[in-house]
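S.K.: This is the structure I have questions about; it appears just below.
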Amino acid sequence: MFALWYLSLALDEIRKRLGWTSIFDIFKSNKIATDRAIEQKPEPIKVPTPKTPEPAKPAPVVQPEAKPTPPPKPAPKPDPPKPKAESPSAPPTAEPIKNVTPKISSAESMDRKIFGASKNLENGESKPKANIKEATSSFLEGEGQAPPTFTQTKTMTLRNKSDTMVDAAVLQKLEDGFAKLAASDSKSLLKKYLTKEVFDNLKNKKTPSFGSTLLDVIQSGLENHDSGVGIYAPDAEAYSVFSELFDPIIEDYHGGFKKTDKHPARDFGDVSTFTNVDPNNEFVVSTRVRCGRSLQGYPFNPCLSEAQYKEMEEKVSSTLSGLEGELKGKFYPLTGMEKAVQQQLIDDHFLFKEGDRFLQAANACRYWPSGRGIYHNDNKTFLVWCNEEDHLRIISMQMGGDLGEVYRRLVSAVNEIEKRIPFSHDDRLGFLTFCPTNLGTTIRASVHIKVPKLAANKAKLEEVASKYNLQVRGTRGEHTEAEGGIYDISNKRRMGLTEYQAVKEMYDGITELIKLEKSL
Ligand code: ADP
Ligand code: CIR
């Protein structure tokens, strides 16, 4: 067979030299044309409202050819990044909606699969443009095939000029919003740290993979001057691209975590050391410890497509259905949940509220209720929120003050879930979350507590709480008021200390508050 093939090659060479066209040439040129067409065929854009997600396609298997074939073409060299296609009719200032995913080098391909989505700022919606599904098919396969870490991706470079240009309409919104914020009496950390100099340095920047702008970072605080913080990271790269703003806010919120600091390694400590913070049941109504997690391979809320929301919900619910013992429970999607059932879950403090204006302004509630849901065990002591503010919120809670029991359950749940789902983690920032206040350990350990004497003066309560690094919230959570004298008091900082230390901070602080209340 090979002899025949070499003979054909030799004949072909003679034909070429004589200027003849052979059948072999015709076959070859058609094949090359087809190959090019395949190579140049744009990857389909993932539109924001696709149907049911398709299962990830297996890598194509290269079949050995039965017949003799020409020697294989040399493997194509990785193409340099190509400019993205621009719509000819698009006005020069509009951010182009990319129809073609540029062919990318193999080194970049995983990054692109994971982070290759871009936002269409008209409509404030996300248009993922690369095949994230492919990248996420390794969801349950563990770290071996895990997508690159945030640290790896944050070194990615901007691909071309249009990627670097911030849309004029976005710039105008930024300028207007900045002027209003500067003139306001907002107490937010955004106002405190977004100086004119920082604003000017950041207003023309974009994250490399998603094209997120400063507006995506600060719009919640621009719209809500009563924000405590006012910023979110639309994608993980925002933490480095807009570090001039994130770093001082992180340092302020987390009590001195400097831009040169590194969050410690995960350490839940000895779970048996905490006891009941209120053994006589005098002050503490209930105790709760939660942490947040982001699924590797998926960006944060503002960059997710509806298909991704649904895909994540499916993965989360099927994974959690494998939990046993006290963690055994059921997933309840928000889609189709009866309003009365939903309201009861919210009123009982089990479910996240709906219509949070801070999240809405940050573009974090798109396609609601798609992909959102709650998993819980029968007695609702172990719960997991899916796709509210973070991809996952893992929660352990129960009536009374037995922090030991609540923490032990949380740690056992997190360990079980982490065996099954790879989460986004950064060497410096710890576990990655949408809001910078939750980075690091992501732990919020809280009690619902009645301290009527201390709370007679709310400012005094806040002052005492902050002495112990505690934060006071209302009964229904952040941005709510206390009902029936019940406050939610928790550790404030989550970065620069271990999980154990974060919980201990709450334990020690609440112990002191109770002592103080008793002494009044
Ligand atoms: P998160 O803690 O998830 O950041 P929120 O402050 O919005 O978010 O609180 C979410 C829900 O958890 C609210 O309904 C709140 O009342 C409830 N919650 C928080 N701490 C406790 C607690 N110790 N006992 C009972 N419910 C709690
Ligand atoms: C604010 O700035 O007040 C809101 N964006 C909430 C900030 C912290 N809380 C949170 O993420 N749940």
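With the working numbering applied, the sequence shown covers 642 to 1161.
Even for Gly, the Cβ is constructed at its ideal location relative to N, Cα and C.
#1: Between which residues of its own chain and D1149 is the CB-CB distance below 8 Å, once the five residues before and five after are set aside?
#2: Since D876 contacts F941 with CB under 8 Å, what's their CB separation in whole angstroms?
#3: On the criterion of 16 or more Cβ atoms from any shown chain inside 10 Å, does T901 qualify as buried, or is it exposed?
#4: On the three-state DSSP scale, how would you describe V807?
#5: For the putative contact between I1127 and H1089, defined by C-beta atoms under 8 Å, what is the C-beta separation to the nearest angstrom?
#6: Kindly indicate which residue of K821, Y1008 and N917 has the alpha-carbon position closest to the one of I859.
#7: Pair every Cβ in the region 1073-1090 with every Cβ in the region 1126-1143, then say whether three or more of these pairs are closer than 8 Å.
#8: What is the DSSP secondary structure of G1118, counted as helix, strand or coil?
#9: Could you pull out every residue in the same chain whose Cβ sits closer than 7 Å to the Cβ of K969, ignoring the five residues on either side in sequence?
#10: Considering only C-alpha positions, which residue in the set E1029, L1051 and S962 is nearest to S591?
#11: List the DSSP bridge partners of M1040.
#12: List, from N- to C-terminal side, the beta strand (DSSP E) runs of 3 residues or more that fit wholly inside the region 975-1021.
#13: Taking the C-alpha atoms as reference points, what is the distance between E1146 and A1097?
#14: CA-CA distance, N1170 and G1042?
#15: Tell me whether R907, by its Cβ, gets closer than 6 Å to a heavy atom of ligand 1.
#16: Name, in chain order, the residues that DSSP records as bridge partners for T854.
#17: Return the chain-ordered list of same chain residues with a C-beta closer than 6 Å to the C-beta of P905, the five sequence neighbours on each side being excluded.
#18: Looking at ligand 1, does it come within less than 6 Å of T928, judged from the CB to the closest heavy atom?
#19: I'd like the span of the alpha helix (DSSP H) that includes A1086, first residue to last.
#20: Ligand 1 heavy atoms versus the CB of G1150: any closer than 6 Å?
#21: Out of curiosity, what's the CA-to-CA distance linking K1091 and S962?
#22: What would DSSP say about N917, mapped onto helix, strand or coil?
#23: Does ligand 2 have a heavy atom nearer than 6 Å to the CB of C1076?
#24: For L1044 versus F924, is the C-beta spacing smaller than 7 Å?
#25: Given the structure, does R1061 come close to ligand 1, in the sense that its CB is under 6 Å from one of the ligand's heavy atoms?
#26: To the nearest angstrom, how far is it from the Cα of C1027 to the Cα of K1021?
#27: Does F898 come out as helix, strand or coil in the three-state DSSP assignment?
#28: Tell whether a beta-carbon distance below 7 Å holds between L812 and R934.
#29: How is the beta strand (DSSP E) around I1062 delimited, first residue to last?
#30: Tell me where the alpha helix (DSSP H) around D1160 begins and ends.
#31: Measure the Cβ-Cβ separation of F1075 and Y873 and say whether it is below 7 Å.
M.R.: By the coordinates alone:
#1: Correct list, in chain order: Y1109.
#2: The C-beta separation of D876 from F941 comes to about 6 Å, placing the pair in contact by the 8 Å criterion.
#3: Exposed: under 16 other Cβ atoms inside 10 Å.
#4: Residue state, collapsed to three classes: coil.
#5: Contact annotation, I1127 with H1089: C-beta distance approximately 5 Å; criterion of less than 8 Å satisfied.
#6: Of the listed residues, the one whose Cα sits closest to I859 is K821.
#7: With a cut-off of 8 Å, the region 1126-1143 and the region 1073-1090 count as touching, because enough Cβ pairs lie within range.
#8: Look at G1118 here: in three-state DSSP terms it is strand.
#9: The residues are N1018.
#10: Because the chain is modelled from 642 through 1161, residue 591 falls outside the range shown and cannot be assessed.
#11: The beta-bridge partner set that DSSP reports for M1040 consists of S927.
#12: Within the region 975-1021, the complete beta strand (DSSP E) runs of at least 3 residues are 1014-1018.
#13: When rounded, the separation of the alpha-carbon atoms in E1146 and A1097 is 24 Å.
#14: Lying outside 642 to 1161, the shown extent of the chain, residue 1170 is not represented and no answer is given.
#15: Checking every heavy atom of ligand 1 against the Cβ of R907, none is found closer than 6 Å.
#16: Answer is K847.
#17: The residues are T1139.
#18: Yes, ligand 1 has a heavy atom inside 6 Å of this Cβ.
#19: In the DSSP annotation of this structure, A1086 is not part of any alpha helix (DSSP H); the continuous beta strand (DSSP E) holding it starts and ends at R1085 to K1091.
#20: It does not: the Cβ of G1150 is nowhere closer than 6 Å to a heavy atom of ligand 1.
#21: K1091 and S962: Cα-Cα distance of roughly 36 Å.
#22: The answer is strand: DSSP assigns N917 an E or B state.
#23: Within the cutoff, so yes.
#24: No, the pair does not count as a contact, with Cβ atoms beyond the cut-off.
#25: No, ligand 1 has no heavy atom inside 6 Å of this Cβ.
#26: In this structure, the alpha-carbon of C1027 lies about 15 Å from that of K1021.
#27: Collapsing the DSSP output to three states places F898 in coil.
#28: Contact flag unset, no.
#29: Premise fails: I1062 is in no beta strand (DSSP E) and is neither H nor E.
#30: Sequence inspection shows Ser at residue 1160; the Asp mentioned does not correspond to that position. E1140 to S1160 is the span of the alpha helix (DSSP H), which, as asked, contains S1160.
#31: For the pair F1075 and Y873, the CB atoms are nearer than the 7 Å cut-off.
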